[in-house]
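A.B. asks: Numbering (numbering that gives the first Met the number 0), first residue to last: 0 to 414.
Ideal Cβ placement from N, Cα and C applies to all residues, glycine included.
One structure follows; several queries about it will come next.
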Amino acid sequence: MGAPGTGKTLLARAVAGESGVPFFSMSGSEFVEMFVGVGASRVRDLFEQAKERAPCVVFIDELDALGKARGGGAGLASNEEREQTLNQLLVEMDGFAPGSGLVIMAATNRPEILDRALVRAGRFDRQVLVDRPDLRGREAIVRVHARKVTLAPGVDLTLVARRTPGMVGADLANVVNEAALASVRRDATAVTNGDFEEAMDRLQLGLKKAGLVMTDDEKRRVAFHEAGHALVALSVPHADPVHRVTIIPRSIGALGVTLQLPTDERYVLTREELEDRLCVLLGGRTAEEIAFGTISTGAQDDLERATAIARQMVCRFGMSDALGPLTWGHNDGLRVVRGTEVVERDYSEETARAIDAEVRRIVEVSHSRAAGLLGARRVALDAIGRALLVRETLERVELEALAGTPWRLVTAAVA
């Protein structure tokens, strides 16, 4: 089990190739038909053939199409054909001896909806998590796919792995493919670092919107907005390093982007790191306030993400001094629907007001902190904003040259 594209089916094929025995592979959707009884018949036929060819491996891909929990739950209508097919599969899995040489494997990216009888001991009782690759895994995967293309001297595949956190094997294969296409578009014979950068930008940010024409005022506002993000990220101690800042519009709706490059894989975030992340998110809106004396709609996504982080700090992580080390609300109830998240409200109206006040306080403190940092570095803010207007894209080295003073000196001055 694992996220889509992590290589579950590929792993099953590798098992078949290494085992040297017959391999029977079917998708869960191939068993389920409109006519009652067809799916159960196909299950019986599959296992009869497998027993005749034993020892062998039986692999069922997309098991959730076949093994979804029966009964529908919450009074929903059930599917009689699918349930009969699942029942037949359960019977067949109980019908062969452990020493018969028949091994059954399955893959799914939705293990939480599988029927409990399917994953009990004696059936699919061994669950193998094929997780998203870490930094070393991503680098190894990129190197495998990069064998198929001609790389220019000096190509840094480690940088590609660092710039793609959260991507799975299928995504990384697409990155290499897009980089090869980028090199073809410029009539080159080898793939360079620039081609990989273009490929990652295309996949993460969307296509460049060359036809979008902004007014001079809009472009200037976007430039200072992104300059605010970048300068705050350069000024706080726990922010991910800034890799690049651009004000080239992208098809995802972003008029500008500040790309930060994590230095390593993180599985735990401290309170200070989350506070710095909030400060960076609010840096764009704050820069608009300082440079123009007014605000715009460009910070909508930043505000949504900042509010969500602040609420998680209060309700999930116990990082509020006013409310203490407690969690508020559960995701398994059916009380309040907030977006796509179902939250059980297990606290009073008074506590709800306290949570709202604490979320507001955390965001406002981060806003004030961003304003102090940018006010202390107003010269650097203006320099980065003007440079973006001229060059549209700035790399980290250029940003550091424009920013000048290290963050430690600035933080000490603000404090």
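(1) Checking the sheet assignment: what are the DSSP bridge partners for Glu-399?
(2) Between Val-57 and Ala-49, which are expected to be in contact by the criterion C-beta below 8 Å, what is the C-beta distance as a whole number of angstroms?
(3) Rounded to the nearest angstrom, what separates Leu-62 and Ser-18 at their Cα positions?
(4) In chain order, what are the residue ranges of uninterrupted alpha helix (DSSP H) at least 4 long that sit wholly in the region 2-43?
(5) Nearest by alpha-carbon distance to Thr-245: which of Pro-164, Leu-254, Ala-116, Ala-238 is it?
(6) By DSSP, does Gln-259 sit in helix, in strand, or in coil?
(7) Are the region 349-364 and the region 380-395 touching, with three or more C-beta to C-beta distances below 8 Å?
(8) Using the beta-carbon count (16 or more within 10 Å), is Leu-373 buried or exposed?
(9) Output yes if chain B places a C-beta closer than 8 Å to the C-beta of Arg-41; else output no.
(10) Which same chain residues, not among the five before or five after Phe-30, have their C-beta less than 7 Å away from its C-beta?
(11) Nearest-angstrom Cα distance between Asp-219 and Arg-12?
(12) Does the region 190-205 come into contact with the region 155-169, if we say contact requires no fewer than three beta-carbon pairs (one atom in each stretch) closer than 8 Å?
(13) Give the DSSP bridge partners of Ile-59, in chain order.
(14) Drop a sphere of 10 angstroms on the beta-carbon of Ser-234, count the other beta-carbons inside from all chains shown, and report buried for 16 or more, exposed for fewer.
(15) Have a look at Ile-59, Glu-177, Pro-240 and flag the residue whose alpha-carbon is nearest the alpha-carbon of Asn-192.
(16) Check whether the Cβ atoms of Leu-380 and Ala-238 lie closer than 8 Å to each other.
(17) So is Arg-162 buried or exposed if we call it buried at 16+ other beta carbons inside 10 Å?
(18) Give me, in chain order, the residues of the same chain whose beta-carbon lies closer than 6 Å to that of Val-143; leave out the 5 immediate sequence neighbours on both sides.
(19) Select from Gly-100, Lys-208, Ala-106, Gly-27 the residue whose C-alpha is nearest the C-alpha of Thr-8.
(20) Give me the Cα-Cα distance between Arg-395 and Asp-60, rounded to the nearest whole angstrom.
(21) Alpha carbon to alpha carbon, how far is Ala-351 from Ala-305? Give it in angstroms, no decimals.
(22) For Val-175, collect the residues of the same chain with a Cβ closer than 7 Å to its Cβ; drop the 5 residues on either side in sequence, then sort them by chain order.
(23) What does the Cβ neighbour count give for Arg-284, buried or exposed, with the cut at 16 atoms within 10 Å?
(24) In the DSSP assignment, find the unbroken beta strand (DSSP E) run with Arg-416 in it and report its ends.
(25) Kindly indicate which residue of Glu-80, Gly-282, Ile-247 has the alpha-carbon position closest to the one of Val-212.
(26) Beta-carbon within less than 6 Å of Val-99's beta-carbon, same chain only, minus the 5 sequence neighbours each way: which residues are those?
(27) Residues bridged to Thr-387 by DSSP?
(28) Could you tell me if Asp-124 is buried or exposed, where buried requires 16 or more neighbouring beta carbons within 10 angstroms of its beta carbon?
(29) Let's see if you can read the secondary structure: which residues bound the beta strand (DSSP E) around His-224?
(30) Hey, how far is the Cα of Gly-1 from the Cα of Leu-113?
(31) Under the rule that 16 or more other beta-carbon atoms within 10 Å means buried, what is Gly-384, buried or exposed?
C.D. replies: Per the coordinate set shown:
(1) When DSSP reads this structure, Glu-399 sits in no beta bridge, so it has no partner.
(2) Confirmed, about 5 Å.
(3) Near 22 Å, if we compare the C-alpha coordinates of Ser-18 and Leu-62.
(4) You should have 7-18.
(5) Answer by Cα proximity: Leu-254.
(6) Strand, per DSSP.
(7) Taking 8 Å as the limit for Cβ pairs, the verdict is that the region 380-395 does not touch the region 349-364.
(8) The residue in question, Leu-373, is buried, as its Cβ has 16 or more Cβ neighbours within 10 Å.
(9) The displayed structure is made up of one protein chain only, and chain B is not part of it.
(10) Closer than 7 Å at the Cβ level, and outside the excluded window around Phe-30, lie Gly-38, Arg-41, Val-42, Leu-65, Thr-84.
(11) According to the sequence shown, residue 219 is Arg rather than Asp. Spanning the two alpha carbons is a distance of roughly 54 Å.
(12) Contact between the region 190-205 and the region 155-169 is present: three or more C-beta pairs spanning the two stretches fall below 8 Å.
(13) Met-25, Ala-105, per the DSSP bridge assignment.
(14) It is buried - the Cβ of Ser-234 has at least 16 other Cβ atoms within 10 Å.
(15) Closest by alpha carbon: Glu-177.
(16) Contact check for Leu-380 against Ala-238 fails: the beta carbons are separated by 8 Å or more.
(17) Arg-162 should be labelled buried.
(18) So no residue of the chain qualifies.
(19) The shortest Cα separation from Thr-8 among Gly-100, Lys-208, Ala-106, Gly-27 belongs to Ala-106.
(20) Here the alpha carbons of Asp-60 and Arg-395 stand approximately 44 Å from one another.
(21) Separation of Ala-305 and Ala-351 (C-alpha to C-alpha, rounded to the nearest whole angstrom) is 19 Å.
(22) Cβ within range, chain order: Val-141, His-144, Ala-145, Val-148.
(23) Burial call: buried.
(24) Since the first and last residues shown for the chain are 0 and 414, residue 416 lies out of range.
(25) Here the closest residue by C-alpha is Ile-247.
(26) Correcting the residue identity first, residue 99 is Ser in this sequence and not Val. Cβ within range, chain order: Ala-53.
(27) Looking at the sequence provided, one finds Leu at residue 387 rather than Thr. Paired residues: none, contrary to the question.
(28) Asp-124 is exposed by the Cβ-count criterion.
(29) Not the beta strand (DSSP E): His-224 falls in the alpha helix (DSSP H), residues 215-234.
(30) In this model, Gly-1 and Leu-113 are separated by some 14 Å (Cα to Cα).
(31) Looking at its Cβ environment, which holds 16 or more other Cβ atoms inside 10 Å, Gly-384 is buried.
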